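Asks:
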Amino acid sequence: MRAALCAAFVATLFAPSAFAQQTGASQASSSTASAASSGFVFAPGLPRDLPGSGPVEITLDEALRMAREQSIALRSARLDVETVQAQIEEARAGTRPNIALSSSYTRNFVSSNPFAGSSAGGLFATLGFLDWVAYNERARTDNNPATNPISLVAYQDSVSAGYQQAGISVSSSDNPFSVPNQFQTFLAVTQPLYSRTAGIALKAVSRLESVQNDALQRASEQLDEQVRQQFYAALLAEAQADVVRQSLARTRESVAEISRRVDAGVLPRFQRLSAEVQEGNLATQLVQAENYAALAKENLKITLGLPADRSLVLQADFDATTALAGVDGLAVEPLVTEALERRADVRQARTAVDIQDIQRQLTASAQYPNLSAFLNLGMIGNVPDDRTVTEAAPGGQPFTYQQRDRGFFSGDFWQPSVSGGLRLNWQLYDGNRTSAQVQQRRIAVEQARLNVARAEQGVRLQVQQALLTVQGAQQRVLTQQQNVTRAEENYRIAQTRLEEGVTSALELRDASSQLDAARLSYTQAIHDLLVARAALATAVGAPLQSP
7 MRAALCAAFV
17 ATLFAPSAFA
27 QQTGASQASS
37 STASAASSGF
47 VFAPGLPRDL
57 PGSGPVEITL
67 DEALRMAREQ
77 SIALRSARLD
87 VETVQAQIEE
97 ARAGTRPNIA
107 LSSSYTRNFV
117 SSNPFAGSSA
127 GGLFATLGFL
137 DWVAYNERAR
147 TDNNPATNPI
157 SLVAYQDSVS
167 AGYQQAGISV
177 SSSDNPFSVP
187 NQFQTFLAVT
197 QPLYSRTAGI
207 ALKAVSRLES
217 VQNDALQRAS
227 EQLDEQVRQQ
237 FYAALLAEAQ
247 ADVVRQSLAR
257 TRESVAEISR
267 RVDAGVLPRF
277 QRLSAEVQEG
287 NLATQLVQAE
297 NYAALAKENL
307 KITLGLPADR
317 SLVLQADFDA
327 TTALAGVDGL
337 AVEPLVTEAL
347 ERRADVRQAR
357 TAVDIQDIQR
367 QLTASAQYPN
377 LSAFLNLGMI
387 GNVPDDRTVT
397 EAAPGGQPFT
407 YQQRDRGFFS
417 GDFWQPSVSG
427 GLRLNWQLYD
437 GNRTSAQVQQ
447 RRIAVEQARL
457 NVARAEQGVR
467 LQVQQALLTV
477 QGAQQRVLTQ
487 QQNVTRAEEN
497 YRIAQTRLEE
507 GVTSALELRD
517 ASSQLDAARL
527 SYTQAIHDLL
537 VARAALATAV
547 GAPLQSP
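Read left to right, the sequence shown gives residues 7 to 553 (the numbering used here).
1) Taking three-plus beta-carbon pairs below 8 Å as touching, is the region 357–377 in contact with the region 441–453?
2) Less than 8 Å between the CB atoms is what I'm expecting for Q487 and A295, so what's the real figure, rounded?
3) Helix or strand or just coil, what does DSSP make of S416?
4) Tell me whether Y2 is buried or exposed, calling it buried when 16 or more other Cβ atoms sit within 10 Å of its Cβ.
5) For N297, which of helix, strand or coil comes out of DSSP?
6) Please check the pair F324 and I532, which I expect to be a contact at CB under 8 Å, by giving their CB distance rounded to whole angstroms.
7) Would you kindly check if the distance between the Cβ of V389 and the Cβ of Q218 is under 7 Å?
8) Give every residue of the same chain whose Cβ lies closer than 6 Å to the Cβ of G547, excluding the five residues on either side of it in the sequence, and list them in chain order.
9) Could you tell me the boundaries of the beta strand (DSSP E) in which P106 lies?
10) With 16 as the cutoff for other CB atoms within 10 Å, does Y374 come out buried or exposed?
11) Is T203 near S371, with beta carbons less than 7 Å apart?
12) Mapping DSSP to helix, strand and coil, what is S554?
13) Compute the distance between the beta-carbons of L155 and R146, then report whether it is under 7 Å.
14) Any idea what DSSP makes of N305, helix, strand or coil?
15) Whole alpha helix (DSSP H) runs in the region 148–197 with 4 or more residues, listed along the chain?
16) By the three-class DSSP mapping on this structure, what secondary structure does T29 have?
17) Using a threshold of 7 Å, state whether the C-beta atoms of Q236 and T309 are closer than that.
18) When burial is assigned at 16 or more other CB atoms within 10 Å of the CB, is D269 buried or exposed?
19) Tell me whether S35 is buried or exposed, calling it buried when 16 or more other Cβ atoms sit within 10 Å of its Cβ.
20) Please classify V508: is it buried, with 16 or more other beta-carbons within 10 angstroms of its beta-carbon, or exposed?
21) Counting only beta-carbon separations shorter than 7 Å, does Q520 have a partner in chain D?
22) Mapping DSSP to helix, strand and coil, what is Q409?
23) Can you tell me which of the three DSSP states N142 falls into?
24) Below 7 Å CB to CB, which residues in the same chain sit around S378 once its five sequence neighbours on both sides are set aside?
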């Protein structure tokens with residue numbers, strides 16, 4: 007038990023710490039990484055078996071739920087929790103009765119005479135002499151004048167004649183103690199009365215369960231951040247494709263207007279060729295943008311375990327209002343305070359201090375005695391192959407005999423055995439080994455406390471960085487939102503001037519390009535803010551107002 011607990015403690019205390027990882031805003035290209043590197047696999051019976059054949063519409067919350075069901079890391083963490091729960095039950099066994107049943111059968115083919123070579127070996131030859139003495143004593147004291155004491159030789163002759171008359175053949179053995187068949191069955195019950203180690207071990211594994219639950223929670227939070235990044239990357243790819251699609255539509259309208267004017271001789275032919283080149287470039291960009299959007303969705307489908315032959319429709323708002331919700335008014339200190347209270351990895355570091363202290367107590371418990379009570383119940387059987395017995399025949403006539411067959415379970419062969427008592431084990435001196443081990447555990451407790459301080463510092467830094475990233479992304483969204491408004495107004499003015507003939511198509515194309523750049527930057531800023539929000543939520547250990 008102690009070895010298993012030590013192994014569990016070491017695995018827990020030296021596991022990679024999540025608070026040491028730095029989280030930043032991810033770009034769209036890095037958000038569409040392979041699902042295999044994220045630790046996800048298909049699981050039978052999950053979303054792969056969705057009914058129907060049409061598009062699968064999914065919200066962010068549904069995506070998070072599906073990912074939690076698919077994650078190898080989370081399933082492994084859940085198994086760790088179940089393992090600790092089993093270890094708790096194992097620790098409780100140290101305070102409960104222990105009942106063991108043992109049974110054996112021995113066949114003695116050849117048995118040595120335990121008195122061979124000693125003066126006691128002649129004892130067996132005199133057993134008949136004792137029977138003769140007993141017969142004569144009865145004859146002398148029975149007040150019957152017809153019965154008189156006889157000599158040993160006469161007694162032996164009379165016994166032999168009685169056996170012969172009854173048809174009894176007596177076999178002799180050099181070892182009367184030998185029994186061919188021996189059976190032994192014992193039921194041993196042991197109840198610990200006092201064990202300091204068992205109580206401390208139970209407390210230790212209970213704390214270890216808290217550690218594993220915190221690890222499961224932290225893994226779930228980090229998984230949520232990864233899924234949000236992939237979900238937002240797919241939304242960004244769709245929004246960028248939509249920007250290119252709108253640009254292509256505007257360019258085609260411009261090409262039609264320029265072609266009409268070129269045909270009317272108002273504009274030179276090179277302007278139409280230039281507009282057509284721009285239209286071709288945008289058509290190519292649209293194909294690429296749509297491919298990126300499709301790949302982002304495919305990556306998300308793999309992560310969620312959705313069927314490959316089903317199209318995916320994302321149900322989410324991708325605008326500034328959604329991204330900016332709940333961002334204003336965030337401050338470092340309240341967020342740090344909340345993170346120190348809610349972060350599962352910080353609780354793990356604090357629990358590690360308790361675990362190391364419990365481990366110190368567990369090591370020191372070797373200096374205390376263990377007291378237990380025991381009860382042994384047994385049944386021992388010595389069963390001969392020949393179970394017949396020769397005895398005096400009824401009626402009281404001397405030297406008349408008969409044989410009787412005793413059953414296998416005769417009480418002559420089977421005897422009970424009952425014993426009980428108390429058992430005390432106490433290591434009085436071990437060369438100061440335990441004292442040295444306790445000192446090592448005290449040092450480990452201090453190291454665990456230093457790890458708590460390091461973890462809290464890491465949390466503060468991570469929250470500060472995440473908040474600065476959110477605030478920076480927030481300013482970019484507000485700036486780009488205004489810039490899109492200006493670019494739209496600029497394009498409208500350029501289009502009006504072209505219709506009035508006071509400007510060229512080059513100015514309109516330039517205004518259109520500015521509008522495209524502003525919209526692309528705006529969508530990227532929204533994506534970055536959403537990703538930054540997810541990173542901040544992970545840093546705090548609690549989601550912000552969900553966009």
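Glycine included, every Cβ here is placed at the ideal spot set by N, Cα and C.
These numbers come from a predicted model, not from an experiment.
Replies: On the basis of the coordinates in this document:
1) yes
2) At roughly 21 Å, the Cβ-Cβ gap does not stay under 8 Å, so Q487 and A295 are not in contact.
3) coil
4) The chain is shown from 7 up to 553; residue 2 falls before or after that span and cannot be answered.
5) helix
6) 6 Å
7) Taking 7 Å as the cut-off, the Cβ atoms of Q218 and V389 do not count as close.
8) A345, R348, R349
9) Residue 106 is actually Ala in this sequence, not Pro. In the DSSP annotation of this structure, the continuous segment of the beta strand (DSSP E) that includes A106 starts and ends at 104–113.
10) exposed
11) yes
12) For residue 554 there is no data in the structure shown, the boundaries of the chain being 7 and 553.
13) A small correction: the amino acid at residue 155 is Pro; Leu does not occupy that position in the sequence shown. A contact, by the Cβ cut-off of 7 Å.
14) In the structure shown, N305 falls within a helical segment according to DSSP collapsed to helix, strand and coil.
15) 158–172
16) For T29, the pLDDT reaches just 36, beneath the cut-off of 50, and the residue's location in the model is therefore unreliable, although a value from the coordinates is still provided. In the structure shown, T29 sits in coil (DSSP, three-state: anything other than H, G, I, E or B).
17) yes
18) exposed
19) Residue placement at S35 is flagged as unreliable, the pLDDT there being 37, under the threshold of 50; the coordinate-derived value follows with that caveat. With fewer than 16 other Cβ atoms within 10 Å, it is exposed.
20) exposed
21) Note that chain D does not occur in the displayed structure, where there is just one protein chain.
22) strand
23) helix
24) Correct list, in chain order: T196, Q197, P198, L199, R429.
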